[in-house]
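Protein chains in written order, with the numbering used here: chain A, 1 to 213; chain B, 1001 to 1729.
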């Protein structure tokens, strides 16, 4: 059986880079991987999504509805946009960060009764689908790593803690070092470690994880 | 690290996307020349080749457009070396003139035209199906459904091309081009070919006598190609001895395999699809009772089967459309309609704020559009917010007359109906009727900002102008008996500052200008709240559409916005045409020194080539002057006031003109000092609702700038009517 991960977020958060790092790490670990990526018109601020499938029987790039094992979301609102891809009781690994689309803000200005969607609203809706919800404050961890743009790598750290994620940590570290700009390698590796550590406080209470060394 | 696509380890696996796989296939085939113009989703083909070009002695270039790229590749092929040209589907339309006749001349060295279609138009203006271009041009076509196929087909296409002496098209779709998968590498061929041109070859000269002969030759070549498709390794039957057989091409074939139990069906995968493998399809039909056809976009396989009077279940029976892209879920629904697989569950639709792609924070295009929208500003009132408190009237009379007397105000609050109010001030009409109506010539309109001025010595209070104003924006001063009208307080109206409800704002008028658009990031200027761009057809069309509107006699001034790369690509003939045919069109070149939307490829104005070497910088001002435009101005879009001033002047300029709005794409440069919101903010929302920066949102108390998203352009500071935004730097 293949492991299906659906990744979503907002243009500019580094989803394509994250996918490249995971893909190359899989290739290094000898795992078959196939991806379907949607980018081009969403350099910044548009919705971006990636289908990532790992395993010998993965041979078509898109995950059908209800077949993603993990929904990894770098922005909280986007989690709901793609929820139908997640298996019932699948794992949601979601950023705490909300980036309000300008359309939402315009509506707030014109309609007095309308309100911004909150993290609580999002989690409440997600609970109708799954109880396995891990919320990560990736921006805070990225800031700790010394580079606020490493949110994507924080999530890679979280993923790596999962028992179901069949990729060597060494291969991931190598892939990170090869894919990110040279002067940010240290920060990215730190972000990776912080992400992995944070998983053991939240994600790993929900689903089986690897032991911390 | 050496690039993956340069790896000389045959039979090993690397992870490549479809574009990189095409690049690898071309390198394995020993190409000498690669050319392209960037276009999603094909861009990475040339990028991948250019990255390793030096190692393999390959010359790679970003040409200025697709037909130029095709001719470069064709010229190289005519000397016997192998060449590849890559483009998106609509690029092939631009290259069509060359491609159609290349089918007659044929080629010498192998030549591949790699074309990426974009079903669902993720990043395109149409979703044409390139398989039909093959029908039109008679060029053989291979249809890749995975990165492995993209690599293998490209490599083999060079052999096919040389065997037939024809250019061969390799077609990808977005899901293949932008999806990664393991690709098994093959040997990298080293061809020691010297470029040599056969000067006596009459087949290169398409005068009618030669072309008639070459058209016949093309028919012979197609007969040869027919034999190749029947035996191609890309057309494969998997006979499982079942009643239902599935025929498909492209990625849709793999979706079908992923959702069905493959052993319960027989399969025919078509990869080499033009010319159509008639005999193979007939053979497959003889092995099964029923055939189902799965193909994205147009019914190419279906039409061929219809021509052969074969029976099949196609789009009509499956309920699949000719538009949009396939997904595993659409295929599942289609097969469940035929009872061949279980139905999928209904999906619940959630009410979420949409997040369409938009201009980035710090984008100079947004700043320019804001300035353009602000040309012919007037005090605008939002009736949804206005409560009729008349504080604007007090503010105005105090500012102008130093008394709190609403009768002496230039703005007037009125009751629209028992429940809503609005405030009315001068609308700054173009060719203002009040000015025309004045018998004493006391009224004049400023050519700069359009405000109406009153010469008190001449005005005799006759009131003709008051009658002429359809908005009721002019009144008579109660004591002086001279007319009074809003003068915008030098661009910072007091009424706007004091409106407690934030109902008043200084807004621009779109009613007296037409803005045609073009293809690029700046097309996103069509979206709210920018709402500037009113057309988008194809590369370069905006300038000539504008010219057409002018010659047709529209009363508004016509502006055509176009990016620097698009201008070099297809805008230059249009500009020459308006200079020659004297169209009163203002062409605005949004110059960010790069092809931004496809991922920052260099342009002729950038001083760099695809190979990273230095190039002559082609200056846009020189080009515009050279094409016959006398009026050329350069503005900095981050300077809103100055840009607006120049645009106002141009509004009244008669004749062809060019404005170059110059600022590098912010993603190319270091972030500036981020901005922050001060306590003075009253949540009026102009920075979001009118300017539309995605870094700004509105918390309960005031606007908030996300420091992680802010790029530090500082334009919001100029936009804020209350000086409530400042730099943290």
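Here a beta-carbon is modelled for each residue, glycine too, at the ideal position from N, C-alpha and C.
task = Quick one: give me the first and last residue of the beta strand (DSSP E) that residue 1228(B) is part of.
result = Locating residue 1228(B) in the second chain gives position 228, where the first residue counts as 1. No beta strand (DSSP E) contains residue 1228(B), which is instead part of the alpha helix (DSSP H) from 1208-1230.
query = Checking contacts by CB at 8 Å: is residue 1012(B) closer than that to chain A?
reply = Here residue 1012(B) is taken as the residue at index 12 of the second chain, counted from 1. Residue contact check for residue 1012(B) against chain A: no CB pair falls below 8 Å.
query = From residue 1093(B) to residue 161(A), what does the alpha carbon distance come to, in whole angstroms?
reply = Here residue 1093(B) refers to the residue found at position 93 when the second chain is read from its first residue. Here residue 161(A) refers to the residue found at position 161 when the first chain is read from its first residue. Using only the alpha carbons, I get a separation of about 50 Å.
request  = Could you tell me whether the segment 1563-1581 of chain B touches the segment 1599-1607 of chain B, using the rule of 3 or more Cβ pairs below 8 Å?
outcome  = yes
inquiry  = For a test of the three-state rule: what should DSSP assign to residue 1365(B), helix, strand or coil?
reply    = For the purposes of this step, residue 1365(B) is identified with residue 365 of the second chain, where counting begins at 1. Helix, per DSSP.
query = On the three-state DSSP scale, how would you describe residue 60(A)?
reply = Locating residue 60(A) in the first chain gives position 60, where the first residue counts as 1. In the three-state scheme derived from DSSP, where H, G and I count as helix and E and B as strand, residue 60(A) is classed as coil.
Reduced DSSP secondary structure (H/G/I, E/B, other) of residue 98(A) = By one-based count along the first chain, residue 98(A) stands at place 98. The answer is coil: DSSP assigns residue 98(A) none of H, G, I, E or B.
query = Using the rule of at least 16 other Cβ atoms within 10 Å of the residue's Cβ for burial, across every protein chain shown, is residue 1214(B) buried or exposed?
reply = Numbered from its first residue, the second chain carries residue 1214(B) at position 214. Flag for residue 1214(B) reads buried.
query = What residues from the segment 1253-1264 of chain B come within 8 Å of chain A, judged by C-beta to C-beta, listed N to C?
reply = 1254, 1255, 1257, 1258 and 1259
message = With DSSP as the reference, identify every bridge partner of residue 1274(B), one or two as the case may be.
response = Indexing the second chain from 1 puts residue 1274(B) at position 274. Partner(s): 1141(B).
query = Are there 16 or more other CB atoms within 10 angstroms of the CB of residue 1685(B), so buried, or fewer, so exposed?
reply = Numbered from 1 along the second chain, position 685 holds the residue referred to as residue 1685(B). Classification for residue 1685(B): buried.
inquiry  = Just to make sure I have the definition right: I need the residues of chain B whose C-beta is within less than 7 Å of the C-beta of residue 94(A). Which are they?
reply    = Here the question's residue 94(A) lines up with position 94 in the first chain. Within chain B, no residue comes near residue 94(A); the closest Cβ sits about 14 Å away, beyond 7 Å.
task = Compare the beta carbon distance of residue 168(A) and residue 130(A) with 8 Å and say whether it is the shorter of the two.
result = On the first chain, position 168 is the one that residue 168(A) refers to. On the first chain, position 130 is the one that residue 130(A) refers to. No.
task = Starting from the beta carbon of residue 1697(B), find every residue of chain A whose beta carbon is closer than 7 Å, and list them in chain order.
result = Against the second chain, residue 1697(B) aligns to sequence position 697. Those within 7 Å of residue 1697(B) in chain A are 100 and 105.
query = Skipping 5 residues on each side, what residues in its chain have a beta carbon closer than 6 Å to that of residue 1267(B)?
reply = Taking the second chain and counting its residues from 1, the one referred to as residue 1267(B) is at position 267. Closer than 6 Å at Cβ, skipping near neighbours: 1238 and 1246.
message = Between which residues of its own chain and residue 97(A) is the CB-CB distance below 7 Å, once the five residues before and five after are set aside?
response = On the first chain, residue 97(A) is found 97 positions in, with the first residue counted as 1. Non-local beta-carbon contacts of residue 97(A) in its own chain, meaning distances under 7 Å to residues more than five positions away in sequence, involve 75, 76, 138 and 139 in chain order.
ask   = Does the pairing of the segment 1338-1352 of chain B with the segment 1370-1384 of chain B give three or more beta-carbon distances under 8 Å?
value = These segments do not touch.
query = Would residue 1109(B) pass as a contact of residue 1144(B) if the rule is Cβ separation under 8 Å?
reply = For the purposes of this step, residue 1109(B) is taken as residue 109 along the second chain, with counting starting at 1. For the purposes of this step, residue 1144(B) is taken as residue 144 along the second chain, with counting starting at 1. No, Cβ-Cβ distance for residue 1109(B) and residue 1144(B) is not below 8 Å.
request  = Give me the Cα-Cα distance between residue 116(A) and residue 1664(B), rounded to the nearest whole angstrom.
outcome  = Translated into positions along the first chain, residue 116(A) becomes position 116. Translated into positions along the second chain, residue 1664(B) becomes position 664. If you take the alpha carbons of residue 116(A) and residue 1664(B), they lie about 34 Å apart.
Same chain only: Cβ atoms within 8 Å of residue 1609(B), ignoring 5 sequence neighbours per side = Walking along the second chain from the start, residue 1609(B) turns up at place 609. The residues are 1061, 1062, 1602 and 1615.
ask   = Which residue spans inside the segment 117-187 of chain A form an unbroken alpha helix (DSSP H) run of at least 4?
value = Taking only runs of at least 4 residues, the alpha helix (DSSP H) segments lying wholly in the segment 117-187 of chain A are 119-127, 138-145, 151-161 and 169-179.
ask   = By the criterion of Cβ-Cβ separation under 9 Å, what are the contact partners of residue 108(A) in chain B?
value = Translated into positions along the first chain, residue 108(A) becomes position 108. Result: 1685, 1688, 1697 and 1698.
message = I'd like to check one pair, residue 1639(B) with residue 1620(B): are the Cβ atoms closer than 8 Å?
response = One-based indexing of the second chain puts residue 1620(B) at position 620. One-based indexing of the second chain puts residue 1639(B) at position 639. Not a contact, by the Cβ cut-off of 8 Å.
message = Counting only beta-carbon separations shorter than 8 Å, does residue 84(A) have a partner in chain B?
response = Along the first chain, read from residue 1 onward, the residue named residue 84(A) stands at position 84. Yes - at least one Cβ of chain B is within 8 Å of the one on residue 84(A).
inquiry  = Between residue 183(A) and chain B, is any beta-carbon pair separated by less than 8 Å?
reply    = By 1-based counting over the first chain, the position of residue 183(A) is 183. No - not a single Cβ of chain B is within 8 Å of the one on residue 183(A).
request  = With residue 1437(B) as the anchor, note down where its alpha helix (DSSP H) starts and where it stops.
outcome  = For the purposes of this step, residue 1437(B) is identified with residue 437 of the second chain, where counting begins at 1. Looking at the DSSP string, the run of the alpha helix (DSSP H) that includes residue 1437(B) is 1433-1437.
task = Would you list the one or two residues that DSSP bridges to residue 216(A)?
result = Chain A is shown from 1 up to 213; residue 216(A) falls before or after that span and cannot be answered.
key: Nearest-angstrom Cα separation, counted from residue 1321(B) out to residue 148(A)   = As a first step, residue 148(A) must be located in the first chain, where it is residue number 148. As a first step, residue 1321(B) must be located in the second chain, where it is residue number 321. The straight-line gap from Cα to Cα measures roughly 44 Å.
key: Contact the segment 1041-1057 of chain B vs the segment 1169-1187 of chain B: 3+ CB pairs below 8 Å   = Contact holds: three or more Cβ-Cβ distances are below 8 Å.
inquiry  = Comparing C-alpha positions only, which one of 1628(B), 1600(B) and 1613(B) sits nearest to residue 1587(B)?
reply    = In the second chain, residue 1587(B) corresponds to position 587, counting from 1. When only C-alpha atoms are compared, the closest one is 1628(B).
key: Interface partners of residue 1173(B) on chain A, CB under 8 Å   = In the second chain, counting from the first residue as 1, residue 1173(B) sits at position 173. Result: empty, since nearest Cβ-Cβ is about 11 Å, beyond 8 Å.
ask   = Once you ignore the five residues that flank residue 1279(B) on each side, which residues in its own chain have a CB closer than 8 Å to its CB?
value = Mapped onto the second chain, residue 1279(B) falls at position 279. Taken in chain order, the residues that qualify are 1230.
ask   = To the nearest angstrom, how far is it from the Cα of residue 1001(B) to the Cα of residue 179(A)?
value = Here the question's residue 1001(B) lines up with position 1 in the second chain. Here the question's residue 179(A) lines up with position 179 in the first chain. The predicted position of residue 1001(B) is uncertain, since its pLDDT is 44 and thus under 50; no value can be drawn from it.
ask   = chain B beta carbons: is any one of them nearer than 8 Å to that of residue 17(A)?
value = Counted from its first residue, the first chain places residue 17(A) at position 17. No, no contact with chain B.
message = In whole angstroms, give me the CA-to-CA distance for residue 32(A) and residue 81(A).
response = Taking the first chain and counting its residues from 1, the one referred to as residue 32(A) is at position 32. Taking the first chain and counting its residues from 1, the one referred to as residue 81(A) is at position 81. Near 28 Å, if we compare the C-alpha coordinates of residue 81(A) and residue 32(A).
key: Interface residues of the segment 57-86 of chain A facing chain B [CB-CB below 8 Å]   = 59, 60, 61, 62, 63, 64, 65, 66, 77, 78, 80, 81, 83 and 84
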